[in-house]
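Line order of the protein sequences matches chains A and B. Per my numbering, the first sequence starts with residue 1064, numbered consecutively. Per my numbering, the second sequence starts with residue 1064, numbered consecutively. This report concerns only the one structure given below.
Number of protein chains: 2
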Amino acid sequence: MPNSKPTPVTMDAVYTAPGYLFRRMQQIAVALFIEECRAFDLTPVQYAALVTISTHPGIDATRLSAVIAFDRSTLGNVIERLQAKDFIVRKPAAEDKRVKLLYLTKAGAAVLSEIMPSVDKAQARMLQPLKPADRKTLLSLLTQLVDLNNEASRVPLRAEDALEHLGRSG
Amino acid sequence: MPNSKPTPVTMDAVYTAPGYLFRRMQQIAVALFIEECRAFDLTPVQYAALVTISTHPGIDATRLSAVIAFDRSTLGNVIERLQAKDFIVRKPAAEDKRVKLLYLTKAGAAVLSEIMPSVDKAQARMLQPLKPADRKTLLSLLTQLVDLNNEASRVPLRAEDALEHLGRSG
DNA sequence: ATTTAATTGACAGTATACTGACAATATGGC
DNA sequence: GCCATATTGTCAGTATACTGTCAATTAAAT
Chain A
1064 MPNSKPTPVT MDAVYTAPGY LFRRMQQIAV ALFIEECRAF DLTPVQYAAL VTISTHPGID
1124 ATRLSAVIAF DRSTLGNVIE RLQAKDFIVR KPAAEDKRVK LLYLTKAGAA VLSEIMPSVD
1184 KAQARMLQPL KPADRKTLLS LLTQLVDLNN EASRVPLRAE DALEHLGRSG
Chain B
1064 MPNSKPTPVT MDAVYTAPGY LFRRMQQIAV ALFIEECRAF DLTPVQYAAL VTISTHPGID
1124 ATRLSAVIAF DRSTLGNVIE RLQAKDFIVR KPAAEDKRVK LLYLTKAGAA VLSEIMPSVD
1184 KAQARMLQPL KPADRKTLLS LLTQLVDLNN EASRVPLRAE DALEHLGRSG
């Protein structure tokens, strides 16, 4: 005979679930980023895109999405906004009429170098409440976990993809 | 004379930032939840709301938002969807004409008890790649961090608020 | 070479997440 | 009782995040 007593539901079903904690931390992380970087009119996602275009000038949207593991559809809108702010430009590729290549503008390069200290401050504040040793431990475990769960993500990180647009001499 | 060399930007500015790692883990957590709970037509947020209404029958939307630390505006839409699925009902409060009280329907209670194993499976899968000891460490640090950063969140958790709608006899 | 596959960017649709504003309603100071 | 204030739910607007689809274009198969 199966157990007939219904399991009592408590808030622990929410509060102790790792998924809930990750959601909360993500919300906190975004709030701190926005607060520290208020002066720059850049969201965390836009910042990540800008950094990537900076380190991969001439990357296209699909590869950009793979390099930062953001959804390709979402990224389309992000790129539009960065373009509207004159932080990037899109140039059609010569060899492939489908592709539009992404480059930083001067304004984009400027905002990127100016925002860095604020970004660093925001990132530091997220872990500040922990003891230094615990910060290192958490960051290490988190890095491992994201890497090991990469394939579970809808948009797995494919850092290598970024290189494909170069030196593909065949 | 200030350092005239521009700091070289690398992808580490993204990949090693805790904010980026929290975003990735949140995306992975949602993907695993949706995958495991596909049969139940419930998102992680809707699940958390349902659990809370189950443990706090007659709670109102504002207090619900405080108990799970979700934005009040967002929650309005979540509640609408749960109502459209017939998982909850809203009843006007007798003493306060502004307030609408939330209750589970039978279907809501049923889906909640049925979905539990799948939710547990999803939560377990998130941490699965780590060694058991590391899972405990990460969960402990994450719990601490969310708690200590509570006020940095736009919608801080106010678990006590949930009790205010009871026993306020004055 | 021609048909088939895959890729790219775009779009529509749904679901969080947050800001700021608003009308209806309650509450507190006086 | 009256008025300033606060609360509640709602709405409009913006920004992620994902699904699925589509036309244009390219690459692959034969």
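In this text, a Cβ means the ideal position worked out from N, Cα and C, and glycines have one as well. All of these numbers come straight from a predicted model, not from anything done at the bench.
(request) Within the same chain, show all residues whose beta-carbon is closer than 7 Å to that of A/T1168, passing over the 5 residues directly before and after it, in chain order. (result) Position 105 of the first sequence, counting from 1, holds the residue named residue 1168 of chain A. Hits under 7 Å: D1149, F1150, I1151 and V1152.
(message) Please report the distance separating the alpha-carbon of B/A1129 from that of A/P1219.
(response) Translated into the one-based positions of the second sequence, residue 1129 of chain B becomes position 66. Translated into the one-based positions of the first sequence, residue 1219 of chain A becomes position 156. When rounded, the distance between both Cα atoms is 33 Å.
(message) Any beta carbon of chain B sitting closer than 8 Å to that of A/N1140?
(response) Position 77 of the first sequence, counting from 1, holds the residue named residue 1140 of chain A. Not one chain B Cβ lies under 8 Å of A/N1140.
(message) I need the straight-line Cα distance from A/M1189 to A/M1074, nearest angstrom please.
(response) Counting from one through the first sequence, the residue named residue 1189 of chain A turns up at place 126. Counting from one through the first sequence, the residue named residue 1074 of chain A turns up at place 11. Computed Cα separation, rounded: 25 Å.
(request) Work out the CA separation of B/Y1166 and B/Q1146 for me, nearest whole Å. (result) Counting from one through the second sequence, the residue named residue 1146 of chain B turns up at place 83. Counting from one through the second sequence, the residue named residue 1166 of chain B turns up at place 103. Straight-line Cα distance between these residues: approximately 10 Å.
(request) Please classify A/P1155: is it buried, with 16 or more other beta-carbons within 10 angstroms of its beta-carbon, or exposed? (result) Against the first sequence, residue 1155 of chain A aligns to sequence position 92. Around the C-beta of A/P1155, fewer than 16 other C-beta atoms lie within 10 Å, and the residue is accordingly described as exposed.
(request) Note down, in chain order, every chain B residue with its Cβ under 9 Å from the Cβ of A/G1121. (result) In the first sequence, the residue the question calls residue 1121 of chain A occupies position 58. Under the 9 Å cutoff, chain B gives no residues; its nearest Cβ is about 16 Å from A/G1121.
(message) Nearest by alpha-carbon distance to B/I1113: which of B/L1202, B/S1176, B/D1183 and B/P1180 is it?
(response) Position 50 of the second sequence holds residue 1113 of chain B. With the sequence shown as reference, residue 1113 of chain B is identified as Leu, and Ile is not the correct amino acid for it. For B/L1113, the nearest C-alpha among the options comes from B/S1176.
(message) Between B/P1195 and chain A, is the shortest Cβ-Cβ distance under 8 Å, so that the two count as touching?
(response) Counting from one through the second sequence, the residue named residue 1195 of chain B turns up at place 132. No - not a single Cβ of chain A is within 8 Å of the one on B/P1195.
(message) Cutting at 8 Å between CB atoms, please list the residues of its own chain near B/L1201, excluding the five before and the five after it.
(response) As a first step, residue 1201 of chain B must be located in the second sequence, where it is residue number 138. The residues are L1190 and L1193.
(request) Specify, as a first and last residue, the run of the beta strand (DSSP E) that B/L1165 falls within. (result) Here residue 1165 of chain B refers to the residue found at position 102 of the second sequence. Start and end: K1163 to L1167.
(request) Within the region 1100-1172 of chain B, note down every full beta strand (DSSP E) run reaching 3 residues or more, in order along the chain. (result) Runs found: 1151-1155 and 1163-1167.
(message) For B/G1230, would you say it is in contact with chain A, using Cβ-to-Cβ distances shorter than 8 Å as the test?
(response) Sequence index remark: in the second sequence, residue 1230 of chain B carries index 167 (1-based). With a pLDDT of only 34 at B/G1230, under the threshold of 50, the placement of this residue in the model should not be trusted; the figure read from the coordinates follows. With 8 Å as the cut-off, B/G1230 does not count as an interface residue toward chain A.
(request) Would you mind working out which of B/T1106, B/C1100 and B/K1160 sits nearest B/I1142, comparing C-alpha positions? (result) As a first step, residue 1142 of chain B is located in the second sequence; it is residue number 79 there, counting from the start. Checked all of B/T1106, B/C1100 and B/K1160; the closest Cα to B/I1142 is B/T1106.
(message) Please report whether the beta-carbon of A/M1074 lies at a distance below 8 Å from any beta-carbon of chain B.
(response) Locating residue 1074 of chain A in the first sequence gives position 11, counting from the first residue. Output row for A/M1074: interface = yes.
(message) For the structure I just gave you, are there three or more beta carbon pairs, one from the region 1211-1218 of chain A and one from the region 1081-1094 of chain B, closer than 8 Å?
(response) yes
(request) Determine, using beta carbons only, whether B/G1082 comes closer than 8 Å to chain A. (result) Residue 1082 of chain B sits at position 19 when you count from the first residue of the second sequence. B/G1082 counts as touching chain A.
(request) Run the CB neighbour count on B/T1137, radius 10 Å, all protein chains shown included, and call it buried at 16 or more, exposed below. (result) If you number the second sequence from 1, residue 1137 of chain B lands on position 74. Exposed is the call here.
(request) Could you check what DSSP says for B/V1093 in three-state terms: helix, strand or coil? (result) In the second sequence, the residue the question calls residue 1093 of chain B occupies position 30. B/V1093 falls in the helix class under three-state DSSP.
(request) Step through the CB atoms of chain B and report whether any lies within less than 8 Å of the CB of A/V1114. (result) Here residue 1114 of chain A corresponds to residue number 51 of the first sequence, with the count starting at 1. Using a Cβ-Cβ cut-off of 8 Å, A/V1114 counts as an interface residue toward chain B, since at least one Cβ of chain B sits closer than that to its own.
(request) Within the same chain, show all residues whose beta-carbon is closer than 8 Å to that of B/D1123, passing over the 5 residues directly before and after it, in chain order. (result) Here the question's residue 1123 of chain B lines up with position 60 in the second sequence. A1156, V1162, K1163, L1164, L1165 and H1228.
(request) Using alpha carbons as the reference points, say which of B/S1117, B/R1086 and B/T1206 lies closest to B/V1174. (result) Within the second sequence, residue 1174 of chain B is the residue found at index 111, counting from 1. Taking only the C-alpha atoms, the option nearest B/V1174 is B/S1117.
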